[in-house]
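Undergrad: First to last, the sequence lines map onto chains L and B. The working numbering applies: residue 1 is where the first sequence begins, and numbers increase by one. The working numbering applies: residue 1001 is where the second sequence begins, and numbers increase by one.
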Amino acid sequence: MSTTDVVVTGLGATTPVGEDVATTWSALLSGRSGIREIDADWAEELPVKIAGLAAQEPSERLERHRLRRLDRTQQFALIAAHEAWSDAGTPDVEPTRLGVVVSSGIGGILTTLDQYDIFREKGWRRVSPFTVPMLMPNSASGAVALEFTARAGAHAPVSACASGNEAIGNAIEMIRSGRADIVIAGGTEAAIHPLNIAAFASMRALSTRNDSPQTASRPWDTDRDGFVMGEGAGILVLESAEHAAARGARVYAVAAGKGYSDDAHDLVAPDPDGQVAAINAALADAEMTPADVAHINAHATSTPMGDVGETVAIRRALGDAATDNVAVTSTKSMTGHLLGGAGAVEAIATILTLHEGRIPPTINVETLDPEVVVDIVRDKARDLPASAVGALNQSFGFGGHNVAVAFRRH
Amino acid sequence: MALPEQEILKGLGEIVDEIAGVPAADVTPEKSFVDDLDIDSLAMVEIAVAAQDKFDVEIPDEQLKDLKTVQDVITFIQK
């Protein structure tokens, strides 16, 4: 192992299926959906009345005065970051050697919209002085840096639904380049609001299976009809292997490499060619071959268009021989789509799959789309082969953003 | 007629607790908002807005920077 290897030493999450990593992982392995009915009057007038709401309200974890000056995206990020930091053993690190890369796809949009309502109804004087630091897309990154006194730099790459995964990729680069010994990295999102539901619904991107929330997210099933919005955050503690070894840290996996590309083809319709490029770039960066990939946590959101194209890209990138030995799953079947938080929560699932040797299932695949050309883990969790070397976490975002991150067993 | 000092102090304590999480009991007249109660500039703006509502007074922006201690605010509201 070279000194520039990056390892994962801490995990934290708050998701629609669990209040932390342990409960989230257990729900994913047991195939439990976190999608439920939206219990708000505004849902009545919308075509979509279901979402992956956080399993635990941040108000149960953060003090009242902090809640009022932190957007919900920041609240999720701080809760997950505290768990990850504690899980990493609260490392002793120089503030100038500690970095942050925490992304959100949309930023503090609940604050933006709520404060606009206040502005319209009560005038400018009633607009909270905290509005700007709550709504800016880097708000969670800044809040995490402040909370953990991270002075090596705090970044927030914004690439829609690839944001959380891009944050992890950028954190790997930050450590490799010597700018930090430890980076707190991940993604967060809190965008369940009538305007966002209406906007995605007007694109016909969301499932309208309102009468059966738990079966609404069904990647690769012939009856999939769109994704389900989720909320929450996933945060990782990434560390140089040298630093982790020096303090005797427990290591979950090696964050071996990242690959980025952009389709430059259509703002919203994915292009398998772009995805192939990102997968190949991640493998090259990780110095892994297709045969080293035993598992992929797919982006697969449950839209009619996106899911199958991703399986085509996987086969094209890895080749037939390697693809036949890859077990592919979509944990979005249970969590819904956490937008900017998705890539980070799915990275945690990918890492735990390598670490624990269990692959969570894709639930709700009653009839597999005949065009799917990879081995989907359906119905029940499956053992990861003991010989497995590595896994990929894939995320794709509007704007044509493609990000793949490769993890290797430690 | 000016409000009694104790009533204003109690009201301010509730506001500071709600907005900044500082226990109301710590909000005593001699305390400086910034140096003693560790309240930042944004929270101070929010406290001023809440105080205006609660005590039905107008605190002009240019006055806000002169209100450094809890006693300063009490005195301002009494006037």
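Where a beta carbon is used, it is the ideal one built from N, C-alpha and C, also for glycine. Just so you know, these numbers come straight off a predicted model, no measurement behind them.
1. Going by Cα to Cα distance, which pick from L:353, L:110, L:380 is closest to residue 333 of chain L?
2. Any idea what DSSP makes of residue 52 of chain L, helix, strand or coil?
3. In terms of residue numbering, what span does the beta strand (DSSP E) encompassing residue 44 of chain L cover?
4. In the DSSP assignment, what are the bridge partners of residue 253 of chain L?
5. For residue 125 of chain L, count neighbouring Cβ atoms within 10 angstroms of its own Cβ and tell me buried if that reaches 16, exposed if not.
6. For residue 13 of chain L, list the residues DSSP reports as bridge partners.
7. Between L:362, L:352, L:344, which has its C-alpha nearest residue 164 of chain L's C-alpha?
8. Looking at chain B, which residues of the region 39-72 of chain L have a Cβ within less than 8 Å of any of its Cβ atoms?
9. Can you check which of these residues, L:328, L:374, L:390, L:372, is closest to residue 360 of chain L by C-alpha distance?
10. From this set, L:367, L:358, L:393, L:397, which residue's C-alpha is nearest residue 28 of chain L's C-alpha?
11. Kindly say whether residue 76 of chain L, judged by its beta-carbon, lies nearer than 9 Å to any beta-carbon of chain B.
12. Buried or exposed for residue 220 of chain L, please, with buried defined as at least 16 other CB atoms from any protein chain shown within 10 angstroms of its CB.
13. Using a Cβ-Cβ cut-off of 9 Å, state whether residue 1066 of chain B counts as contacting chain L.
14. Any beta-carbon of chain L closer than 9 Å to the one on residue 1021 of chain B?
15. If we define contact as Cβ-Cβ less than 9 Å, is residue 1125 of chain B a contact residue for chain L?
16. Just to confirm before moving on: does the CB-CB distance between residue 1059 of chain B and residue 1019 of chain B stay below 9 Å?
17. I'd like the list of long-range same chain contacts for residue 22 of chain L, defined as Cβ closer than 6 Å, with 5 residues on each side in sequence excluded.
18. Would you mind working out which of L:232, L:110, L:187 sits nearest residue 17 of chain L, comparing C-alpha positions?
19. How far does the beta strand (DSSP E) with residue 412 of chain L in it reach, from first residue to last?
20. Return the residues of the region 120-143 of chain L that lie within a Cβ-Cβ distance of less than 8 Å from chain B, sorted by chain order.
21. Taking Cβ-Cβ distances shorter than 7 Å, what residues in chain L pair up with residue 1045 of chain B?
22. Could you name the residues of the region 1047-1066 of chain B whose beta carbon sits closer than 8 Å to any beta carbon of chain L, in the order they occur along the chain?
23. Can you list, in chain order, the stretches of the alpha helix (DSSP H) that have 4 or more residues and sit fully within the region 123-149 of chain L?
24. Could you list which residues in chain A have their beta carbon closer than 9 Å to that of residue 1018 of chain B, in chain order?
25. With a cut-off of 8 Å on the beta carbons, I'd call residue 321 of chain L and residue 272 of chain L a contact; round off their distance for me.
26. Figure out for me which residue from B:1044, B:1066, B:1035 has the closest Cα to the Cα of residue 1017 of chain B.
27. Whose Cβ in chain L lies nearer than 7 Å to the Cβ of residue 1042 of chain B?
28. For residue 288 of chain L, name the three-state secondary structure that DSSP assigns.
29. Is the beta carbon of residue 409 of chain L closer than 9 Å to that of residue 355 of chain L?
30. Taking C-alpha atoms, which residue in L:12, L:214, L:394 lies nearest to residue 298 of chain L?
31. Put residue 1010 of chain B into one of helix, strand or coil per three-state DSSP.
32. What separation, rounded to the nearest whole angstrom, lies between the Cα atoms of residue 371 of chain L and residue 308 of chain L?
33. What is the C-beta distance between residue 414 of chain L and residue 228 of chain L, in whole angstroms, given that I count them as a contact (C-beta under 8 Å)?
34. Going by DSSP, name the residue or residues bridged to residue 102 of chain L.
35. At the level of alpha carbons, what is the spacing between residue 316 of chain L and residue 296 of chain L?
TA: Considering the structure as presented:
1. Here the question's residue 333 of chain L lines up with position 333 in the first sequence. The shortest Cα separation from residue 333 of chain L among L:353, L:110, L:380 belongs to L:380.
2. Position 52 of the first sequence, counting from 1, holds the residue named residue 52 of chain L. Residue state, collapsed to three classes: strand.
3. Reading the first sequence from its first residue, position 44 is the one you call residue 44 of chain L. Note, residue 44 of chain L: premise wrong, no beta strand (DSSP E); not H, not E.
4. Within the first sequence, numbered from 1, the residue matching residue 253 of chain L stands at position 253. L:8, L:409.
5. Within the first sequence, residue 125 of chain L is the residue found at index 125, counting from 1. Exposed: under 16 other Cβ atoms inside 10 Å.
6. Sequence index remark: in the first sequence, residue 13 of chain L carries index 13 (1-based). According to DSSP, residue 13 of chain L bridges with L:234.
7. As a position in the first sequence, residue 164 of chain L is number 164, starting the count at 1. If we check each option's Cα against that of residue 164 of chain L, L:344 comes out closest.
8. 63, 64, 65, 66, 68, 69
9. Along the first sequence, one-based indexing puts residue 360 of chain L at 360. Of L:328, L:374, L:390, L:372, the residue nearest in Cα terms is L:328.
10. What you label residue 28 of chain L is simply residue 28 of the first sequence in a count that begins at 1. It is L:358.
11. The residue labelled residue 76 of chain L in the question sits at position 76 within the first sequence. So, not an interface residue.
12. Position 220 of the first sequence, counting from 1, holds the residue named residue 220 of chain L. With 16 or more Cβ atoms within 10 Å of its Cβ, residue 220 of chain L is classed as buried.
13. Stepping through the second sequence from its first residue, residue 1066 of chain B is reached at position 66. No - not a single Cβ of chain L is within 9 Å of the one on residue 1066 of chain B.
14. The sequence position of residue 1021 of chain B within the second sequence is 21, counting from 1. With 9 Å as the cut-off, residue 1021 of chain B counts as an interface residue toward chain L.
15. Any property of residue 1125 of chain B remains undetermined from this structure, which presents chain B solely from 1001 to 1079.
16. Within the second sequence, the letter at position 59 stands for residue 1059 of chain B. Within the second sequence, the letter at position 19 stands for residue 1019 of chain B. Not in contact: residue 1059 of chain B and residue 1019 of chain B (Cβ atoms no closer than 9 Å).
17. As a working note, residue 22 of chain L is residue 22 in the first sequence. None.
18. Here residue 17 of chain L is taken as the residue at index 17 of the first sequence, counted from 1. Here the closest residue by C-alpha is L:232.
19. Residue 412 of chain L is absent from the model: chain L starts at 1 and stops at 410.
20. 125, 126, 128, 129, 130, 133
21. To locate residue 1045 of chain B, count along the second sequence from 1; it is residue 45. By Cβ distance, chain L contributes 129.
22. 1049
23. 131-135, 139-148
24. Within the model displayed, chain A is absent; protein chains L and B are what it includes.
25. As a first step, residue 321 of chain L is located in the first sequence; it is residue number 321 there, counting from the start. As a first step, residue 272 of chain L is located in the first sequence; it is residue number 272 there, counting from the start. With 8 Å as the limit, residue 321 of chain L and residue 272 of chain L do not qualify as a contact, their Cβ atoms being about 19 Å apart.
26. Position 17 of the second sequence, counted from the first residue, corresponds to residue 1017 of chain B. Selected option, being the one with the closest Cα: B:1044.
27. Residue numbering aside, residue 1042 of chain B sits at position 42 when the second sequence is read from its first letter. In chain order: 129, 130.
28. The residue labelled residue 288 of chain L in the question sits at position 288 within the first sequence. Correct three-state label for residue 288 of chain L: coil.
29. Indexing the first sequence from 1 puts residue 355 of chain L at position 355. Indexing the first sequence from 1 puts residue 409 of chain L at position 409. Yes, the Cβ-Cβ distance between residue 355 of chain L and residue 409 of chain L is below 9 Å.
30. Locating residue 298 of chain L in the first sequence gives position 298, where the first residue counts as 1. Of the listed residues, the one whose Cα sits closest to residue 298 of chain L is L:394.
31. Taking the second sequence and counting its residues from 1, one reaches residue 1010 of chain B at position 10. The answer is helix: DSSP assigns residue 1010 of chain B an H, G or I state.
32. Stepping through the first sequence from its first residue, residue 371 of chain L is reached at position 371. Stepping through the first sequence from its first residue, residue 308 of chain L is reached at position 308. Taking the straight line from one Cα to the other gives about 7 Å.
33. No answer is possible for residue 414 of chain L: it lies beyond the span of chain L, which begins at 1 and ends at 410.
34. Position 102 of the first sequence, counted from the first residue, corresponds to residue 102 of chain L. For residue 102 of chain L, which the question treats as bridged, DSSP gives the partners L:186.
35. As a working mapping, residue 316 of chain L is identified with position 316 in the first sequence. As a working mapping, residue 296 of chain L is identified with position 296 in the first sequence. Residue 316 of chain L and residue 296 of chain L: Cα-Cα distance of roughly 14 Å.
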